[in-house]
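Asker:
Residue numbers (our numbering), protein chains in the order written: chain A, 19 to 350; chain B, 19 to 350.
In structure tokens, the structure reads:
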């Protein structure tokens, strides 16, 4: 018998296969081949192949848009949305449309083509997190934007076209549908309970223990009770905190440590899988939301999304989170 | 500049790349290798490898669960949900859970391991559609179920594990999240306009013409203005009709004809791609919805869903529907 579990925020049911659950070795993956560094626009010496830097770490100095950097942020050369222009909203019969205005940047995490984020040293990962924050704070100033999404596609089956370690950042002129749903769901809970639902979930997972992957003073990482995907893992601040880019500098080392730890565990347990991660955070606005709680959702790409998922919005998870967490903790 | 287009039902924005759109030859696909017919549980002579038939066409007679059939429906041997048991709803802290009760069946469309649905003869496709309807009507009688989802995964990257032509059917004890969203969106429009929004959309596409792929007396097929995916194509009744399984027998030949036509066009234009299709229909209930309109959504698997889509619920479509429809009509 499988178990149906319901996410209290979006009302999504997940079918958790508790009979004959899949273990890490049951997932057959197409192994990624590293793209050619000689043709990589993110490798040192190829700086002219990207648009000019919006942020750079060049500890020993050197010219802008030349080598010698340890981290670069650049506009995406093939952006989904472009920074120039007016939004120009208009109707088209029953539909609405606007121009594709937005910012689409790439944060090149390291000059080393062959590494994966978890293989960087702690100070290097700290530089990556600090770059996320700095780019968010800068893009917040543009009044056309309502949301900044930070996400990573690692590996071909997670949608990455380049192997070189990078994260993407998109500033949008509207609040994304998925974020809007989370805000509405969290607001309902807050009105009823006067508490943040994410705080409740983090506390419940910490108390239940079985889904926990790692924890430190400031952050907890767990395979959520309603995981959509096998080995899905969330990292969340243990205390209430609405917006990622308001992260306090003294808590960044704890975030860096837990990210390295969790991504390393995923890498080792699942044989270096493709994965996506997404930073879920508050929209750009003046108020601080009592009801929303930023967090990172890490989704290893082990199964295909197919007709059932497209038709229902529900997911079939072949590895219960209790079991996934046990594997990730190294307990099996 | 790309165009942002908003689906009026779910509020989903799609980024349509109007600059440098992708043409069919730009999509690099992993070619599927046919699974081995000797090991195929859906091939004639292997009937004992599936659970017993729930429906069968055996025009020249023969024993149940033996060869001689032209179409079979059987319970899925590895079901996401199981038919036995009680739902047993309960809370678990902030979460809800219930037992994984449901029906999960497979309709084996033909004894021929190597065919794809569009390659069957018209009477064979008519038998497939009639089997969908018959299984829906039968599962409607089970009072535990609220929705019957019919979907097809064709090809490995669309999630199919077996090549043999088949469709899946899942009866669920709740209304799926995606369907609920469509019902709510359609209800809003109906309250405001006193018209079905799908009727409005079909009429708008027919009038606009550029997105049309095919049409006959009863059905229209088009690449919707807010297509999430390249070459996404919908087939919808031209007149208002809420539930697929109430389809009138005299309109089935028109549906069969347009399905064969559209799936053949996709097969030829896109070099036999993997695809999913989903029949979107009304929940199981006594009332007939004035605001909802059944339709089929066909989604060729040409691109990967990645971090942007997971984070936002929005999609980037590299081929504007106007262009996709032109290719599918054979105009380019």
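Here a beta-carbon is modelled for each residue, glycine too, at the ideal position from N, C-alpha and C.
Taking the beta carbon of residue 96 (chain B) as the centre, do at least 16 other beta carbons fall within 10 Å, making it buried, or is it exposed?
Answerer: exposed
Asker: What would DSSP say about residue 123 (chain A), mapped onto helix, strand or coil?
Answerer: strand
Asker: Closest to residue 322 (chain B) by CA distance: which of B:175, B:268, B:60 is it?
Answerer: Selected option, being the one with the closest Cα: B:175.
Asker: Using a Cβ cut-off of 8 Å, which residues of the region 20 to 32 of chain A contact any Cβ in chain B, in chain order?
Answerer: 20, 21, 22, 23, 24, 25, 26, 28, 29, 30, 31
Asker: Please name the residue in B:50, B:249, B:342, B:233 whose C-alpha comes closest to that of residue 181 (chain B).
Answerer: B:50
Asker: So with Cβ pairs under 7 Å, would you call residue 222 (chain A) a contact of chain B?
Answerer: yes
Asker: Could you tell me the alpha carbon to alpha carbon distance between residue 23 (chain B) and residue 339 (chain B), rounded to whole angstroms?
Answerer: 11 Å
Asker: Terminal residues of the continuous beta strand (DSSP E) containing residue 215 (chain A)?
Answerer: Segment 215 to 226 is the alpha helix (DSSP H) holding residue 215 (chain A); no beta strand (DSSP E) there.
Asker: Just to make sure I have the definition right: I need the residues of chain E whose C-beta is within less than 8 Å of the C-beta of residue 114 (chain B). Which are they?
Answerer: In the structure shown, chain E cannot be found, because the protein chains are A and B.
Asker: What are the start and end residues of the beta strand (DSSP E) that includes residue 109 (chain A)?
Answerer: 108 to 110
Asker: Using a Cβ-Cβ cut-off of 7 Å, state whether residue 59 (chain A) counts as contacting chain B.
Answerer: no
Asker: Please list, in chain order, all residues of the same chain as residue 72 (chain A) whose beta carbon is under 8 Å from its beta carbon, the five residues on each side excluded.
Answerer: 91, 92, 93, 123, 153, 156
Asker: Going straight from the alpha carbon of residue 234 (chain A) to that of residue 256 (chain A), what length do you get?
Answerer: Distance between residue 234 (chain A) and residue 256 (chain A), taken at the CA atoms: about 9 Å.
Asker: Buried or exposed: which applies to residue 107 (chain A), given that a residue is buried once 16 or more other Cβ atoms fall within 10 Å of its Cβ?
Answerer: exposed
Asker: Report all residues from its chain with a CB closer than 8 Å to the CB of residue 81 (chain A); omit the five preceding and five following residues, and keep chain order.
Answerer: none
Asker: Determine the direct distance from the alpha carbon of residue 76 (chain B) to that of residue 141 (chain B), and round the result to whole angstroms.
Answerer: 14 Å
Asker: Using 8 Å as the cut-off, can you tell me whether the region 26 to 35 of chain B makes contact with the region 191 to 209 of chain B, which would need three or more C-beta pairs spanning the two stretches below that distance?
Answerer: yes
Asker: DSSP on residue 144 (chain B), reduced to helix/strand/coil?
Answerer: helix
Asker: Report yes or no: do three or more beta-carbon pairs, one from the region 282 to 298 of chain B and one from the region 239 to 254 of chain B, lie closer than 8 Å?
Answerer: yes
Asker: Would you please verify whether the beta carbon of residue 195 (chain A) is less than 7 Å from any beta carbon of chain B?
Answerer: yes
Asker: Helix, strand or coil for residue 240 (chain B) per DSSP?
Answerer: strand
Asker: CA-CA distance, residue 149 (chain B) and residue 35 (chain A)?
Answerer: 28 Å
Asker: Determine the DSSP secondary structure at residue 169 (chain A), reduced to helix, strand or coil.
Answerer: strand
Asker: Please name the residues in the region 148 to 165 of chain A whose beta-carbon is closer than 7 Å to at least one beta-carbon of chain B, in chain order.
Answerer: none
Asker: Among A:115, A:279, A:309, A:316, whose alpha-carbon lies nearest the alpha-carbon of residue 31 (chain B)?
Answerer: Of the residues A:115, A:279, A:309, A:316, the one whose Cα lies closest to the Cα of residue 31 (chain B) is A:115.
Asker: Would you decide whether residue 56 (chain A) is buried or exposed? Buried here means 16 or more other CB atoms lie within 10 Å of its CB.
Answerer: exposed
Asker: Taking the straight line between their C-alpha atoms, what separation do you get for residue 103 (chain B) and residue 120 (chain B)?
Answerer: The alpha-carbon atoms of residue 103 (chain B) and residue 120 (chain B) are separated by roughly 9 Å.
Asker: Just by C-beta distance, which residues in the region 232 to 248 of chain B are closer than 7 Å to chain A?
Answerer: 243, 244
Asker: Assuming contact is defined by CB atoms lying nearer than 7 Å, are residue 334 (chain B) and residue 33 (chain B) in contact in what I supplied?
Answerer: yes
Asker: Below 7 Å on C-beta distance, what does residue 230 (chain B) contact in chain A?
Answerer: The contacting residues do not exist; residue 230 (chain B) stays about 15 Å from chain A at best.
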